[in-house]
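In order, the protein sequences belong to chains A and B.
Residue numbering for the first sequence follows the numbering used here, starting at 1 and increasing by one per position.
Residue numbering for the second sequence follows the numbering used here, starting at 1001 and increasing by one per position.
C-beta: ideal position from N, C-alpha, C; glycine also.
These numbers come from a predicted model, not from an experiment.
Read through the structure below, which is laid out as structure tokens, and then see the notes.
There are 2 protein chains.
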Amino acid sequence: MSEQAEQHQGQSAGRDEEAVSRFVERFAAELTEAGMQRMASRVFAALLASDSGTLTSAELAEQLQISPAAVSGAVRYLVQVNMVRREREPGTRRDRYRLYNELWYETLGNREKVLTRWEEVLREGAKTLGPDTPAGARVAETVEFFEFMQGELDVLLERWREHRAQRLAEES
Amino acid sequence: MSEQAEQHQGQSAGRDEEAVSRFVERFAAELTEAGMQRMASRVFAALLASDSGTLTSAELAEQLQISPAAVSGAVRYLVQVNMVRREREPGTRRDRYRLYNELWYETLGNREKVLTRWEEVLREGAKTLGPDTPAGARVAETVEFFEFMQGELDVLLERWREHRAQRLAEES
DNA sequence: CGCTGCTTTCACAAATTTGTGAAGTTAAGA
DNA sequence: TCTTAACTTCACAAATTTGTGAAAGCAGCG
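The structure is reproduced here in structure tokens:
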């Protein structure tokens, strides 16, 4: 791929696209192993490795060697789970897909919704098993653990932001 | 199923096995959605809902309506990821499978190994992208986030144990 | 208003994953 | 050592998931 084409995609000139691609695929594989759909993982990893944090459908299809249909499916999923958002490129009929949050990892905290659902199921289960049974007690304790975690995770994120702000201040 | 049979499985007499089964399946479905193999999820959920925290292969096969082969596969996985351990029942040729830790949710912290692998991949990626590029900076920051989290999660677990101990003390 | 090009949807084929039956292996007990 | 119960492995069939090409849908622009 020519440097001009790279510029076109908003990447640094002359970066080693082959090495970048290896990284994209390696990280995507990790995401996939963690339970994310394969194409969604690859699309997300590609966005993460792009300078602008944004790519068009065509660029994704070309870079990942997949059909527009596959891009569409992956993006639908990523938008739904709030990892990517869709932007219309003004003056064209082309969409751009962007990392939902530059601080994308904060999204991992959005697991909240998952945790909440788990809590509901477990709370109901504890009731079914009965608080006076070993199994019921075990499940009830699990619920408390999740409640505790839910609260603490927010605190933790706040601490991270401080930590990060401090680091940025030191740098300058 | 007769109460005698239930006793045989170490469950409370007279618990509503049908409702328990619904709970097992519901929670298993959550685990599956979160990326765990289906049979592994079901086996784990069944153990979680058992009073003794331990079941034999035959009991699992019967309760979940699956073949011994399926139990074997599920257990192999669960043992590997340290959620279940295998025990030989002395004086018989029957294995028992037990929740690895009564405080099973602590295992969620064992995600450490996963986080560490992610960190490696991302660190390498940051190098490839170059620290002076937006993409490289983004990935490098992700690495720092994981490093931070790794450390804080231990602290958090410790706080939970305190929290829990205190609650137990209040109860008595 | 209709053409044009980008995106999505749909039906299907390919690939992968899952669970089973049956054979194989291991170890307890006679 | 032999028998046999229990678990594991293996090869395969079934089910599910995945990605594609082709057609349909939409939105910009003339």
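- Under the three-state reduction of DSSP, residue 1031/B is assigned to helix.
- Residue 1126/B is a Cβ neighbour of residue 1143/B, given a cutoff of 8 Å.
- Contact annotation, residue 1039/B with residue 1091/B: C-beta distance approximately 29 Å; criterion of less than 8 Å not satisfied.
- Nearest to residue 94/A by alpha-carbon distance, out of 49/A, 68/A, 130/A, 100/A, is 68/A.
- Beta-bridge pairing by DSSP links residue 1122/B to no other residue.
- Secondary structure at residue 1095/B: strand, using DSSP grouped into helix, strand and coil.
- Against chain A, the beta carbon of residue 1049/B has neighbours under 8 Å at 125, 129, 135, 139, listed in chain order.
- A direct Cα-to-Cα measurement between residue 1161/B and residue 139/A gives close to 16 Å.
- For residue 164/A, the three-state secondary structure derived from DSSP is helix.
- The continuous beta strand (DSSP E) containing residue 87/A extends over residues 84 to 88.
- C-alpha of residue 106/A to C-alpha of residue 83/A: approximately 10 Å in a straight line.
- At least one CB of chain B lies nearer than 8 Å to the CB of residue 35/A.
- Residue 24/A sits away from residue 58/A, with the two beta carbons spaced by 8 Å or more.
- When Cβ pairs closer than 8 Å are counted between the two stretches, the segment 1114 to 1121 of chain B is seen to touch the segment 24 to 33 of chain A, the count reaching three or more.
- Rounded to the nearest angstrom, the Cβ distance from residue 100/A to residue 75/A is 12 Å, too far for a contact under 8 Å.
- Under a 10 Å Cβ-count criterion, residue 1063/B is classified as buried, with 16 or more other Cβ atoms of the shown protein chains found around its own Cβ.
- With a 10 Å radius around the Cβ and a threshold of 16 neighbouring Cβ atoms, residue 133/A comes out buried.
- For the pair residue 32/A and residue 41/A, the CB atoms are nearer than the 8 Å cut-off.
- Here the alpha carbons of residue 131/A and residue 1022/B stand approximately 18 Å from one another.
- Taking a Cβ-Cβ threshold of 7 Å, the residues of chain B close to residue 142/A are 1105, in chain order.
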